[in-house]
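Protein chains: 2
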Amino acid sequence: MYLFSSIFGVFVFDEKFNVVEEALFSSLEEYRNKSDIIENLKDKHKITQELNENALKTILLYFKNNKFFSEFYDKNLQLTKSDLKNSVGDDTLLIRATNSVEELDKSINFLSKRLREWYELYNPEFSISVQSHEKFVEEILEKEKEELLKELMINVADSIGADLSQEDLEPIRNLAHQIYDLYQLRKGTLDYMSVLMEALCPNIKAVCGTIVGAKLIEHAGSLRRLSEMPASTIQILGAEQALFRHMKTGAKPPRHGVIVHHQLIAKAPDRLHGKIARALADKISIASKVDYFQGKFIGDKLRQKLEEKFDMLTK
Amino acid sequence: MYLFSSIFGVFVFDEKFNVVEEALFSSLEEYRNKSDIIENLKDKHKITQELNENALKTILLYFKNNKFFSEFYDKNLQLTKSDLKNSVGDDTLLIRATNSVEELDKSINFLSKRLREWYELYNPEFSISVQSHEKFVEEILEKEKEELLKELMINVADSIGADLSQEDLEPIRNLAHQIYDLYQLRKGTLDYMSVLMEALCPNIKAVCGTIVGAKLIEHAGSLRRLSEMPASTIQILGAEQALFRHMKTGAKPPRHGVIVHHQLIAKAPDRLHGKIARALADKISIASKVDYFQGKFIGDKLRQKLEEKFDMLTK
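As you go down the protein sequences, you meet chains V and E in turn.
Under the numbering used here, the first residue of the first sequence is numbered 154, with each subsequent residue one higher.
Under the numbering used here, the first residue of the second sequence is numbered 154, with each subsequent residue one higher.
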């Protein structure tokens with residue numbers, strides 16, 4: 154007796170290769186849970202024998218029958234489609250959201266520069282006094298030129314900005330509004346990413362924060378691939394260009410990739426960047442493994458250890 | 154008798170260089186209209202003599218007096234500020250608006266690509282079926298996945314897109330909304346530019362349309378500079394890179410710069426591009442001169458001649 158299973162169902166053949174029993178799959182779910190059916194039939198017919206090459210060849214001849222062909226194509230298509238459908242995990246969504254935030258950052262930056270150039274015809278003194286684009290946009294939407302200049306202790310009459318009519322100011326304000334909305338969308342998307350990460354990778358999130366964590370997963374391609382990477386790779390993820398330059402020309406190797414934006418590194422003095430990056434990558438490597446295998450939450454402890462180490466280094 | 158005018162006022166000196174009469178300017182306006190005052194005083198004192206070098210030296214010594222110094226500084230500052238204020242003409246505003254539209258185009262393009270990547274996890278079949286980003290954004294905001302697939306005669310169950318929850322769809326929709334708003338802002342800014350150009354350069358607008366006309370003025374730097382350019386320069390404005398490549402390496406010279414986006418060139422067969430570009434640049438050169446010197450409107454005639462020529466060429 155032989156047992157053979159394909160995408161159609163599970164078949165039991167006798168020694169002469171006649172079908173003794175068949176259990177056809179009526180849906181993809183049954184196909185996915187075929188192991189139960191296989192076990193049942195194995196028990197029922199007391200099959201212990203594995204298929205040998207000759208038996209397999211004869212059995213496959215049984216399926217070389219036109220009646221199976223179109224069904225075979227259909228079922229495989231269904232299966233592929235369903236696999237594709239289900240391949241969209243939380244990390245895919247997280248990566249798309251991260252890409253979107255990166256693109257929003259670029260757009261906000263470039264549009265803000267254009268807005269400043271435009272607005273500076275009207276009120277250059279204020280534009281120069283504010284570094285942050287976000288604050289700049291908020292203030293010019295909220296306040297009039299007089300107020301803004303008053304805060305800088307400048308008399309409106311002394312401003313070198315031109316007096317623009319309301320019609321000329323309107324398109325400038327509209328652009329500022331749009332940039333303000335882009336900032337809001339960025340914040341909303343970050344909130345969404347934060348929720349996704351709470352479920353998908355709470356440990357990475359605790360160690361890295363939302364943006365750095367999401368960028369690491371984006372660069373790795375998926376949570377699984379990140380969890381398989383050694384700490385040394387995680388450390389320079391996103392600094393591939395510098396790495397290849399190092400390998401080709403012998404220039405200094407990069408000390409950090411996307412983790413350079415991590416709070417601990419960003420606020421540390423330059424000479425400690427390498428050390429902290431190594432310790433940080435180490436903890437991220439642990440966190441990603443725990444997250445991928447859905448272990449219990451240890452992110453807070455990892456983070457705490459890092460901060461202690463950092464305190465020690467800076468003392 | 155000598156007459157000398159400076160930023161302070163107009164002074165009349167006798168042969169011994171004593172001040173006989175002085176008319177101090179009380180405001181910048183008076184300084185700007187000083188020619189009247191000068192004429193009056195010249196008539197009154199019957200001054201015909203021009204200042205010679207020796208006389209000028211002696212007179213300047215009179216102003217080498219501390220009491221004039223701070224006033225001199227203040228008045229010059231006032232004058233410079235006022236000139237800066239008034240240097241913002243309609244063409245400056247037009248250039249800023251054009252820059253903004255160019256940046257909006259880039260942002261819309263990049264964000265739309267990100268939106269598509271993200272949305273394609275959910276409904277790839279629809280995204281692939283629509284070329285235009287604008288139409289894509291509008292449709293996914295208006296209709297549900299079922300409707301969109303129905304129009305493509307695809308059953309929802311057959312879609313290879315994942316079934317996303319409302320929470321996962323929301324940030325995608327928000328991004329689409331934002332891009333929709335960017336399109337609206339772009340349209341609004343173009344309307345504003347159109348109004349500006351109606352007053353500033355109606356002839357250029359009639360010959361080139363809003364965008365191409367505005368980009369020409371932007372590349373030239375101002376309407377004045379555009380009006381001073383020969384037609385051959387206008388023809389390749391915006392193709393500087395190709396021009397320098399031609400000069401350096403002997404590669405083909407560029408046939409057109411920003412005017413390549415002009416309707417007449419865009420819809421013409423490639424072999425005619427050079428000819429039409431030359432004719433078009435010719436008319437733009439005329440239009441810009443008429444606009445700068447605020448001559449009467451001939452834009453419609455110029456445009457008509459171009460179209461006749463174009464019809465002849467394509468026949």
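Glycine residues also receive a C-beta, built at the ideal position from the N, C-alpha and C atoms.
Range covered by the alpha helix (DSSP H) that runs through residue i
{"i": "Gly366 of chain V", "result": "363-373"}
{"i": "Ala208 of chain V", "result": "206-216"}
{"i": "Lys298 of chain E", "result": "298-304"}
{"i": "Asn308 of chain E", "result": "Per DSSP, Asn308 of chain E belongs to no alpha helix (DSSP H) and is neither H nor E."}
{"i": "Ile200 of chain E", "result": "Element bounds for Ile200 of chain E: n/a, residue is neither H nor E."}
{"i": "Arg456 of chain E", "result": "452-467"}
{"i": "Lys449 of chain E", "result": "Run containing Lys449 of chain E: none; DSSP gives neither H nor E here."}
{"i": "Tyr333 of chain E", "result": "319-353"}
{"i": "His126 of chain E", "result": "Because chain E here runs from 154 to 468, residue 126 of chain E falls outside it and cannot be looked at."}
{"i": "Arg431 of chain E", "result": "426-445"}
{"i": "Leu230 of chain E", "result": "219-239"}
{"i": "Lys169 of chain E", "result": "Premise fails: Lys169 of chain E is in no alpha helix (DSSP H) and is neither H nor E."}
{"i": "Asp258 of chain V", "result": "243-272"}
Per-residue burial, residue i [other beta carbons within 10 Å of its own, 16 or more giving buried]
{"i": "Asn193 of chain V", "result": "exposed"}
{"i": "Ser240 of chain V", "result": "exposed"}
{"i": "Arg377 of chain V", "result": "exposed"}
{"i": "Ala404 of chain E", "result": "exposed"}
{"i": "Thr251 of chain E", "result": "buried"}
{"i": "Val163 of chain E", "result": "buried"}
{"i": "Val165 of chain V", "result": "buried"}
{"i": "Tyr445 of chain V", "result": "buried"}
{"i": "Phe463 of chain V", "result": "buried"}
{"i": "Val443 of chain V", "result": "buried"}
{"i": "Gly448 of chain E", "result": "exposed"}
{"i": "Gln202 of chain V", "result": "exposed"}
{"i": "Tyr226 of chain E", "result": "exposed"}
{"i": "Pro324 of chain E", "result": "buried"}
{"i": "Gln457 of chain V", "result": "exposed"}
{"i": "Asp321 of chain E", "result": "buried"}
{"i": "Ser380 of chain V", "result": "buried"}
{"i": "Gln319 of chain E", "result": "exposed"}
{"i": "Leu274 of chain V", "result": "buried"}
Residues near residue i in its chain [Cβ-Cβ closer than 7 Å; skip 5 each side]
{"i": "Ser282 of chain V", "result": "Leu305"}
{"i": "Ile307 of chain V", "result": "Glu278"}
{"i": "Thr386 of chain E", "result": "none"}
{"i": "Ile313 of chain V", "result": "Pro277"}
{"i": "Ala440 of chain E", "result": "Asn356, Ile357, Val360, Gly452, Leu455"}
{"i": "Glu287 of chain E", "result": "Tyr336"}
{"i": "Leu177 of chain E", "result": "Phe161, Gly162"}
Other residues of its chain near residue i: CB distance less than 6 Å, five sequence neighbours each side excluded
{"i": "Leu425 of chain E", "result": "Leu466"}
{"i": "Ser375 of chain V", "result": "Asp244"}
{"i": "Ile200 of chain E", "result": "Met154, Leu156"}
{"i": "Gly427 of chain E", "result": "Arg408"}
{"i": "Leu328 of chain E", "result": "Leu268"}
{"i": "Asp423 of chain V", "result": "none"}
The beta strand (DSSP E) enclosing residue i, as first and last residue numbers
{"i": "Gly162 of chain V", "result": "162-166"}
{"i": "Val173 of chain V", "result": "172-177"}
{"i": "Leu156 of chain E", "result": "155-158"}
Whole-angstrom C-beta distance between residue j and residue i, which should lie under 8 Å
{"i": "Val309 of chain E", "j": "Glu299 of chain E", "result": "5 Å"}
{"i": "Glu371 of chain E", "j": "Ile248 of chain E", "result": "5 Å"}
{"i": "Tyr108 of chain E", "j": "Ser285 of chain E", "result": "Since the first residue of chain E shown is 154 and the last is 468, residue 108 of chain E is not available in this structure."}
{"i": "Ala434 of chain V", "j": "Gln388 of chain V", "result": "4 Å"}
{"i": "Ile261 of chain V", "j": "Leu369 of chain V", "result": "Not really, about 22 Å apart at Cβ, beyond 8 Å."}
{"i": "Lys210 of chain E", "j": "Ala315 of chain V", "result": "No, Lys210 of chain E and Ala315 of chain V are not in contact; Cβ-Cβ is about 40 Å, not under 8 Å."}
{"i": "Leu349 of chain E", "j": "Leu246 of chain E", "result": "6 Å"}
{"i": "Met382 of chain V", "j": "Ala373 of chain V", "result": "6 Å"}
Same chain only: Cβ atoms within 8 Å of residue i, ignoring 5 sequence neighbours per side
{"i": "Tyr333 of chain V", "result": "Val290, Glu291, Leu294"}
{"i": "Glu351 of chain V", "result": "Lys358"}
{"i": "Leu232 of chain V", "result": "Ile160, Leu181, Tyr184"}
{"i": "His399 of chain V", "result": "Lys405, Pro406, Pro407"}
{"i": "Ile191 of chain V", "result": "Leu156, Ser158, Val163"}
CB contact below 7 Å: residue i versus chain B
{"i": "Ile313 of chain E", "result": "The chain labelled as chain B is not found among the protein chains of the depicted structure, namely V and E."}
Residue i CB to nearest heavy atom of the ligand GTP below 6 Å
{"i": "Asp453 of chain V", "result": "With respect to small molecules bound, the structure shown includes none, and the ligand GTP cannot be examined in it."}
Problem - contact_flag[the region 402-418 of chain E, the region 360-367 of chain E] where n(CB pairs < 8 Å) is 3 or more - result: The region 402-418 of chain E is in contact with the region 360-367 of chain E.
Exercise for the section: Taking 8 Å as the threshold, find out whether the region 401-412 of chain E comes into contact with the region 340-348 of chain E through three or more Cβ pairs. Expected result: The region 401-412 of chain E vs the region 340-348 of chain E: no contact.
Problem - Any 3 or more C-beta pairs closer than 8 Å across the region 254-274 of chain E and the region 248-259 of chain V - result: Judged by Cβ distances under 8 Å, the region 254-274 of chain E makes contact with the region 248-259 of chain V, as three or more pairs qualify.
Problem - Stretch pair the region 173-189 of chain E + the region 208-227 of chain E: three plus CB contacts closer than 8 Å - result: Result no; under three Cβ-Cβ pairs closer than 8 Å.
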